[in-house]
Structures are given as structure tokens and as C-alpha cells.
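Listed below in C-alpha cells is the structure:
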């Protein structure tokens, strides 16, 4: 990942120059069995990974998304670094990076220091109790790479549990099962700002 970023930085720099955090995100499941399953899943999957297959693919996606992200992150190099992280972590969790960008927009507007009224932290608004649940109390959820690892893996888990149904999985992620208010916000963010290819949002 770093090699691709460094080799394409000059080209990308040249091309790129031309609401409140949602409460309860990544909430603790009420079902103790589901909570235990998610804890085990996080323990197995919190790792780093690369994503782009080639430099051309990286440049096309990064230039496109950098332009879209500019209203939230002003510095070009910071945008590229963040987008690399998001792409790599989302891909490792079998999530469309554009979906993760949509979740981040709704959760924090790309503010790494965002804290909700219930204590969820960082870009993907992860609840701190998960650190203790998986025996990693030293993890810093305002660190983007760490926050993305937690958030993407939690969303991956819920998508698997909901057989790929985006609205239901997002409701679980937000702790608002039975409501589509949150998932509709993510859908609108995806539709209006981040979509590149169709996603199956169901009915």
C-alpha cells in the first residue's frame, strides 16, 4: 500500500489540486450470544492489509475520491493517505470502500476526534468497550487506522449476520434495529457523494 502511494504521489497531487456524530454507532448488541460472536470475530480479524492490485487502479480511484473528499479534508496528502487506509481496510473486510466512506460521512464527517453523546469515538464512531472485549485496551480509537479496523470489521460482521442486507446491517451497526432512519442517511450519502458502481440496497 505505501509503495503504491509513494510512487503515485506526484501525479496524484498534480491531479488533485486541478451533522453531528450518530449516537450509538457500533453499539453493544443486546443479545449476549451475538455479542460473544462479534467479540470473537473482532479478535480474529483486526489485522492490516493491502488492497489495490495495480498503480493505475489506485490512481483512478484515489483521484476520483480525493476530489469528493476535499470538502471534508483540505490537505491533499492527508486525503490520499486517508483514502488509502479506507480502501485497504474496507477491501480486507469485503466491504465496498464507497460504503465505508458513506458511513464515515454520516458518523463523523471525517473528524477523527468526534465523540458522540454516548461515547462512540473516531471516524466510524466505535464504542470503546470493544477494546476491552477483545483484550486490546491500549488501542486508540482516534487513530484512523485503528478506528477503521474496528468499524469495518463490525460492519462486516453485521452484514454477514444479515445475509448482505445493507439496511438491516447498518441498523445493527448504529444500534437502531427496527428503524431505517440511520441506514437511509447512509444510503443518501452514498447516492449523492460516493457511489461509483451499484450496490444492492434491497427494498
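Numbering (our numbering), first residue to last: 3 to 205.
No residue lacks a Cβ here, since even glycine has one placed at the ideal position from N, Cα and C.
Bear in mind the structure is a predicted one, so any value in this text is a computation, not a measurement.
Subject >> Range of the contiguous alpha helix (DSSP H) that encloses residue 92 >> reply: Note, residue 92: alpha helix (DSSP H), 78-94.
Original post:
Does DSSP put residue 53 in a helix, in a strand, or in coil?
Top reply: Caution applies to residue 53, whose pLDDT of 49 falls short of 50 and renders its modelled position unreliable; the model cannot decide the point.
**OP:** Indicate the three-state DSSP secondary structure (helix, strand or coil) for residue 158 in the structure shown.
**Re:** Residue state, collapsed to three classes: helix.
Original post:
What do you get for residue 80, buried or exposed, if any count of 16 or more other CB atoms within 10 angstroms of its CB means buried?
Top reply: By the neighbour-count rule (16 or more Cβ atoms within 10 Å), residue 80 is not buried but exposed.
**OP:** Measure from the alpha carbon of residue 120 to the alpha carbon of each residue in 38, 186 and 176, then state which is nearest.
**Re:** The option with the nearest alpha carbon to residue 120 is 176.
Original post:
Whose CA, out of 162, 194 and 111, lies closest to the CA of residue 97?
Top reply: Of 162, 194 and 111, the residue nearest in Cα terms is 162.
Subject >> Nonlocal neighbours in the same chain, by C-beta distance under 7 Å from residue 70, ignoring five residues either side >> reply: Taken in chain order, the residues that qualify are 195 and 196.
Original post:
By Cβ distance below 8 Å, which residues in the same chain neighbour residue 179 in space, the five residues on each side in sequence not counted?
Top reply: Cβ-Cβ distances below 8 Å link residue 179 to 170 and 173 in the same chain, with the five nearest sequence neighbours on each side left out; the list follows chain order.
Original post:
If you count every other CB in all the chains shown that lies within 10 Å of the CB of residue 204, and 16 or more means buried, which is it?
Top reply: The Cβ neighbour count for residue 204, taken over all protein chains shown within 10 Å, is under 16; the residue is labelled exposed.
Subject >> Euclidean distance between Cα positions of residue 142 and residue 133 >> reply: One C-alpha to the other measures close to 9 Å.
Subject >> With 16 other Cβ atoms within 10 Å as the buried cut-off, status of residue 35 >> reply: Flag for residue 35 reads exposed.
**OP:** Pick out whichever of 62, 108, 138 and 126 has its Cα sitting closest to the Cα of residue 183.
**Re:** Check the Cα spacing between residue 183 and each of 62, 108, 138 and 126: the tightest is with 108.
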